[in-house]
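Protein chains: 2
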Amino acid sequence: MTIIKAKDILRNYLREKGLRNTRQREVIFDAFFSADKHITVEGLFNFIKRKNPGIGYATVHRNLTLLCQSGLADEIKIGTNKTRYEPKFGREHHDHLICIKCGRFIEVTDGKIERLQDKLAEANEFIPVRHKLEIYGICRDCK
Amino acid sequence: MTIIKAKDILRNYLREKGLRNTRQREVIFDAFFSADKHITVEGLFNFIKRKNPGIGYATVHRNLTLLCQSGLADEIKIGTNKTRYEPKFGREHHDHLICIKCGRFIEVTDGKIERLQDKLAEANEFIPVRHKLEIYGICRDCK
DNA sequence: GTTACTGTTGATAACTGTTATCATTATCTG
DNA sequence: CAGATAATGATAACAGTTATCAACAGTAAC
Numbered sequence: 010m011t012i013i014k015a016k017d018i019l020r021n022y023l024r025e026k027g028l029r030n031t032r033q034r035e036v037i038f039d040a041f042f043s044a045d046k047h048i049t050v051e052g053l054f055n056f057i058k059r060k061n062p063g064i065g066y067a068t069v070h071r072n073l074t075l076l077c078q079s080g081l082a083d084e085i086k087i088g089t090n091k092t093r094y095e096p097k098f099g100r101e102h103h104d105h106l107i108c109i110k111c112g113r114f115i116e117v118t119d120g121k122i123e124r125l126q127d128k129l130a131e132a133n134e135f136i137p138v139r140h141k142l143e144i145y146g147i148c149r150d151c152k
Numbered sequence: 010m011t012i013i014k015a016k017d018i019l020r021n022y023l024r025e026k027g028l029r030n031t032r033q034r035e036v037i038f039d040a041f042f043s044a045d046k047h048i049t050v051e052g053l054f055n056f057i058k059r060k061n062p063g064i065g066y067a068t069v070h071r072n073l074t075l076l077c078q079s080g081l082a083d084e085i086k087i088g089t090n091k092t093r094y095e096p097k098f099g100r101e102h103h104d105h106l107i108c109i110k111c112g113r114f115i116e117v118t119d120g121k122i123e124r125l126q127d128k129l130a131e132a133n134e135f136i137p138v139r140h141k142l143e144i145y146g147i148c149r150d151c152k
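In order, the protein sequence lines correspond to chains L and H.
Taking our numbering, the leading residue of the first sequence gets 10, the next gets one more, and so forth.
Taking our numbering, the leading residue of the second sequence gets 10, the next gets one more, and so forth.
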């Protein structure tokens, strides 16, 4: 999915919900999709401030929440650290390997694990909706 | 493992680290292992206060941290909610199914998933240390 | 374009959970 | 028992998030 397409999704979402497409939303949207993955509100706020000093922290936060609601971003909450946000583009779900030395995130997927998770849930008469798998350890560069 | 045994482990840990075995520690220890699993600091604090009104919140918090360090408890951090603590007794690692309606925690283990996780890490030249798997969904009683 | 409606913004206060501070008290060792 | 120092309890500080609210701005109807 391209960024253009993602923007359409957002516009549709806004229209559907009776929300407005403001200048700030456009700025935040563009910045979010060009900035680092796994960025924090603070990180994105600082990134945007360089070219748009007038923008408010709360506005960045609110719009990241909005992007999550529209399905274009995901929240990643690790421990009690700051929440991070990653662009989604309707991509496949993925999990994370998290380096406990450098903090790096590695995205991974494993269909077998996913299927076993569903089985595990089923065995407990539990309807799985979403899941979170985080493997903490030492990444290649930190060995 | 019995609670008596767990108490021995704590005593040994304290001795090793040059820490002291206070009246409050005993109270918190006993309360923690007789209270609900997956309890919060606040929950345990309130539980203890009934019979020991003099005890401080910070003391409960500090000693739960201590129990984690000694290997007798585990922290469970879900989203940005309050940290919960569960007794460990050197038990096998387990994951959680978490009901998004009633908040119930169901403990589960799956050796196959664990092994696949290790493989997945290995495939990324990553040394796994610990992991967290949480499956959110609807439990039997909330269907 | 103008108007009216109401969603949005930006600055900041409030809030929540966690952690630090520090004077006082209690434990442990010799 | 005495000295050293860890622990306690009350509360302040802190961090991240969310709420508040007056001013502003997008949208749709005319």
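Just so you know, even glycine gets a beta-carbon here, dropped at the ideal spot from N, CA and C.
{"Item": "Is Arg124 (chain H) close to chain L? Criterion is C-beta to C-beta, closer than 7 Å.", "Value": "no"}
{"Item": "How many whole angstroms separate the CB atoms of Ile85 (chain H) and Ile147 (chain H), which I take to be in contact at a CB cut-off of 8 Å?", "Value": "Not a contact, Cβ separation roughly 20 Å."}
{"Item": "Is it right to say Lys91 (chain L) is buried, meaning 16 or more other beta carbons lie within 10 angstroms of its own, or is it exposed?", "Value": "exposed"}
{"Item": "Are the beta-carbon atoms belonging to Phe56 (chain H) and Pro96 (chain H) less than 7 Å from one another?", "Value": "no"}
{"Item": "So which of H:Glu131, H:Thr118, H:Lys58 has the shortest CA-CA distance to Val117 (chain L)?", "Value": "H:Glu131"}
{"Item": "Whose Cβ in chain H lies nearer than 7 Å to the Cβ of Leu106 (chain L)?", "Value": "Ala130, Asn133, Phe135"}
{"Item": "Say whether chain H places a C-beta atom closer than 7 Å to the C-beta of His140 (chain L).", "Value": "yes"}
{"Item": "At a Cβ threshold of 7 Å, is Glu143 (chain L) touching chain H?", "Value": "yes"}
{"Item": "Near Ser79 (chain H), what residues of its chain come up, given a Cβ to Cβ distance below 7 Å and the 5 sequence neighbours on each side ignored?", "Value": "Ile18, Leu19, Tyr22"}
{"Item": "If you count every other CB in all the chains shown that lies within 10 Å of the CB of Asp104 (chain L), and 16 or more means buried, which is it?", "Value": "buried"}
{"Item": "What residues of chain L sit near Phe48 (chain H), judged by a beta carbon separation below 7 Å?", "Value": "For the sequence presented, residue 48 (chain H) should be read as Ile rather than Phe. Near Ile48 (chain H) there are no residues of chain L at all, since even the closest Cβ is about 18 Å away, more than 7 Å."}
{"Item": "Can you list the residues of chain H that Val117 (chain L) reaches, using a CB-CB cut of under 7 Å?", "Value": "Leu129, Asn133"}
{"Item": "Which term fits His140 (chain L), buried or exposed, when burial requires 16 or more other beta carbons within 10 angstroms of its beta carbon?", "Value": "buried"}
{"Item": "Taking the runs of the beta strand (DSSP E) that are 3 residues or longer, which of them lie wholly in the segment 70-129 of chain L?", "Value": "82-85, 93-96, 104-108, 114-117"}
{"Item": "Could you tell me the boundaries of the alpha helix (DSSP H) in which Leu53 (chain H) lies?", "Value": "50-58"}
{"Item": "Using a C-beta to C-beta distance shorter than 7 Å, which residues of chain H count as neighbours of Thr89 (chain L)?", "Value": "Lys86"}
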